[in-house]
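Novice:
Numbering (my numbering), first residue to last: 34 to 324.
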């Protein structure tokens, strides 16, 4: 049996020459989160590998998903209008939301200090970044899926189909920021990331103290709290993250600071996710029609 090398020798050399380059201009990150993480990482023993911090932080996020999958497997636990065929469907206990808040805080903290631990111990490298961002790509599903459980799928919320597009919205922002880095050679960290993580922690905490019924309201006639959640997700991406990514790509070509790839090489990484989105959406609509 022959073995085909996936990476060329030139690409392997690229791992040795790679240098991490990122820009974070968010006031919340620079004046609150980074000073906090700089303090926390000093407490962390030097013998703990950065990838261990990355993986444990990811497991906290997975733990939230597993916990809510047990208590809210069909997303009706926060709903009042529950279909009779589902049978008894008790609400998620308040202590679960408190645990979710704690897990989310720990996950965000570990994600914030893993790179600092790598630089502190002299073990930073492209494989660690790949591992970190690879796990981050999974959280683009787990975190929104957990938050939707607070609002439910029935009253004062949004339908599963609308939530499906929210998931793609989050994934698109994550993917576009890395496509942006592919072209500009710099990872521009979006302002919305740390803000959203702080808001999610607050939402978990509020729900744990006062219960999910606190979110059962309409802002104005016909616009529910769930619709507000949906609007905030789209506003954060279409209003800030995506425009800034495209602007940074344009600026790198204008100032000739990026890789200066041709049109085909520049857009080629976008083709696979676009095909995946099209096929997934067709499957969702066909499945919905035959439900």
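Using N, Cα and C, we set each Cβ at its ideal position, and we do this for glycine too.
Please read all numbers here as calculations on a predicted model, not as lab measurements.
Give me the Cα-Cα distance between residue 118 and residue 72, rounded to the nearest whole angstrom.
Specialist: Answer to the nearest angstrom: the Cα atoms are 52 Å apart.
Novice: What did DSSP end up calling residue 289 once you bin it into helix, strand or coil?
Specialist: Reduced to three states, the DSSP call for residue 289 is coil.
Novice: Once you ignore the five residues that flank residue 292 on each side, which residues in its own chain have a CB closer than 7 Å to its CB?
Specialist: So the qualifying residues of the chain are 216 and 218.
Novice: Are the region 183-190 and the region 109-125 touching by the rule of at least three beta carbon pairs closer than 8 Å?
Specialist: Result yes; three or more Cβ-Cβ pairs closer than 8 Å.
Novice: What is the DSSP secondary structure of residue 220, counted as helix, strand or coil?
Specialist: Three-state result, residue 220: strand.
Novice: How many Å lie between residue 164 and residue 45 at the Cα?
Specialist: Their Cα atoms are separated by approximately 17 Å.
Novice: Short check: CB of residue 145 to CB of residue 66, under 8 Å?
Specialist: Taking 8 Å as the Cβ cut-off, residue 145 and residue 66 qualify as a contacting pair.
Novice: Tell me which same chain residues have a C-beta within less than 8 Å of the C-beta of residue 143, skipping the five on either side of it?
Specialist: Once the five neighbours on either side are set aside, the close Cβ partners of residue 143 are 86, 87, 89, 90 and 93.
Novice: Taking contact to mean at least 3 C-beta pairs separated by less than 8 Å, is the region 187-203 in contact with the region 98-113?
Specialist: Enough Cβ pairs lie closer than 8 Å, so yes.
Novice: Where are the alpha helix (DSSP H) runs, 4 residues long or more, that stay fully inside the region 198-261, in chain order?
Specialist: As far as the region 198-261 is concerned, its whole alpha helix (DSSP H) runs of at least 4 residues are 224-243.
Novice: List the endpoints of the continuous alpha helix (DSSP H) containing residue 72.
Specialist: Element bounds for residue 72: 67-76.
Novice: Would you call the region 219-232 in contact with the region 48-62, where contact means no fewer than 3 C-beta pairs closer than 8 Å?
Specialist: Touching, per the Cβ criterion.
Novice: Just checking, does the region 302-322 make contact with the region 242-257 on the three C-beta pairs under 8 Å criterion?
Specialist: Segments in contact, no.
Novice: If the criterion is Cβ atoms closer than 8 Å, does the pair residue 137 and residue 84 meet it?
Specialist: Not in contact: residue 137 and residue 84 (Cβ atoms no closer than 8 Å).
Novice: Here's the rule: buried if 16 or more other CB atoms are within 10 angstroms of the residue's CB, otherwise exposed. What is residue 39?
Specialist: Looking at its Cβ environment, which holds fewer than 16 other Cβ atoms inside 10 Å, residue 39 is exposed.
Novice: Short of 7 Å in beta carbon distance, which residues of its chain neighbour residue 263, apart from the five on each side in sequence? Order them along the chain.
Specialist: So the list reads 191, 195 and 199, once near-sequence residues are dropped.
Novice: From residue 278 to residue 121, what distance separates their C-alpha atoms?
Specialist: Answer to the nearest angstrom: the Cα atoms are 46 Å apart.
Novice: Under the three-state reduction of DSSP, which class applies to residue 187: helix, strand or coil?
Specialist: Residue 187 falls in the coil class under three-state DSSP.
Novice: State yes or no: is the C-beta of residue 81 within less than 8 Å of the C-beta of residue 150?
Specialist: Cβ distance < 8 Å, so residue 81 and residue 150 count as in contact.
Novice: For residue 197 and residue 297, what's the separation of their Cα atoms in angstroms?
Specialist: Going from the Cα of residue 197 to the Cα of residue 297 covers about 29 Å.
Novice: Looking at the strands, I want to know which residues DSSP matches up with residue 56.
Specialist: In the DSSP output, where bridge partners are listed per residue, residue 56 has 221.
Novice: Thinking C-beta only, is residue 202 closer than 8 Å to residue 266?
Specialist: Yes, Cβ-Cβ distance for residue 266 and residue 202 is below 8 Å.
Novice: Assign residue 122 to one of three DSSP states: helix, strand, or coil.
Specialist: DSSP places residue 122 in coil when its eight states are reduced to three.
Novice: Answer yes or no: do residue 275 and residue 212 have a C-beta to C-beta separation smaller than 8 Å?
Specialist: Not a contact, by the Cβ cut-off of 8 Å.
Novice: Going by beta carbon distance, what residues of the same chain come within less than 7 Å of residue 225, once the five residues before and after it are set aside?
Specialist: 269, 273 and 274.
Novice: Could you tell me the distance, in whole angstroms, from the CA atom of residue 101 to the CA atom of residue 209?
Specialist: Looking at the two C-alpha atoms, the distance is approximately 29 Å.
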